[in-house]
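Input: a single structure, listed below in structure tokens.
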């Protein structure tokens, strides 16, 4: 049996974090064997206890995003006929941190009971501290029921390059 790599990438998991690893938009042949997941080239980095004395507080200060008005509309419920086969998700997100970010990738998971029934990714660009954004996503979908929607930022807060640089008044 020939095995063909569908996706390959790099990732990270922060201390105490549980997360899904997404590889969306991949085309699989109908004759493909079952999907498998491999983890290779693992490297660990110790957090400097002198620089970050309390990981929980540090993480909360950097990953504090408020979500409200989450509304999922399954296909067939849109009012316009051209959108009849689209799902939509609307929500507001607020950056409650003291940091601006170049990009805030959001991993979005849809659940029906405890079963994961769908996933999506959305990126909020140039997200300033204290800023609120309204988001509306539309996509072709066969998710007809999602009782719970989980939206989590996927930020490596230990990477200095994710933060918008301060630009003072001139």
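In the working numbering, the protein residues as written are 86 to 255. Note that CB positions come from ideal geometry on N, CA and C, so glycine has one too. Since the structure is predicted, the reported quantities are computational estimates derived from the model, not experimental observations.
For this session: Work out the CA separation of residue 114 and residue 182 for me, nearest whole Å.
Result: Roughly 43 Å separates the two Cα atoms.
Exercise. If you count every other CB in all the chains shown that lies within 10 Å of the CB of residue 147, and 16 or more means buried, which is it?
Worked result: Flag for residue 147 reads buried.
Exercise. With respect to 7 Å, is the separation between the Cβ of residue 104 and the closest non-hydrogen atom of the ligand SAH below this value?
Worked result: Among the components of this structure there are no ligands whatsoever, and the ligand SAH is therefore not found.
Exercise. If we count the other Cβ atoms within 10 Å of its Cβ and call it buried at 16 or more, is residue 189 buried or exposed?
Worked result: By the C-beta density criterion, residue 189 is buried, having at least 16 other C-beta atoms within 10 angstroms.
Problem set entry | Span separating the alpha-carbon of residue 134 from that of residue 125 | The straight-line gap from Cα to Cα measures roughly 27 Å.
For this session: Quick one: measure Cβ to Cβ for residue 212 and residue 180, integer angstroms, because I've assumed they're closer than 8 Å.
Result: That belief holds up - the Cβ atoms of residue 212 and residue 180 are roughly 5 Å apart, short of 8 Å.
Problem set entry | Minimum length 3: unbroken beta strand (DSSP E) runs contained in the segment 130-181 | The segment 130-181 contains these whole beta strand (DSSP E) runs: 150-158, 171-180.
Exercise. Are residue 107 and residue 232 close, meaning C-beta to C-beta below 8 Å?
Worked result: No, Cβ-Cβ distance for residue 107 and residue 232 is not below 8 Å.
For this session: Pick helix, strand or coil for residue 247, following the three-state DSSP scheme.
Result: It is helical.
Exercise. Would the beta-carbon of residue 191 fall within 8 Å of that of residue 236?
Worked result: Closer than 8 Å, so yes.
Exercise. Do you know how far the Cα of residue 206 is from the Cα of residue 143?
Worked result: Approximately 25 Å between the Cα atoms of the pair.
For this session: Tell me whether residue 233 sits in a helix, a strand or coil according to DSSP, three-state version.
Result: Three-state result, residue 233: strand.
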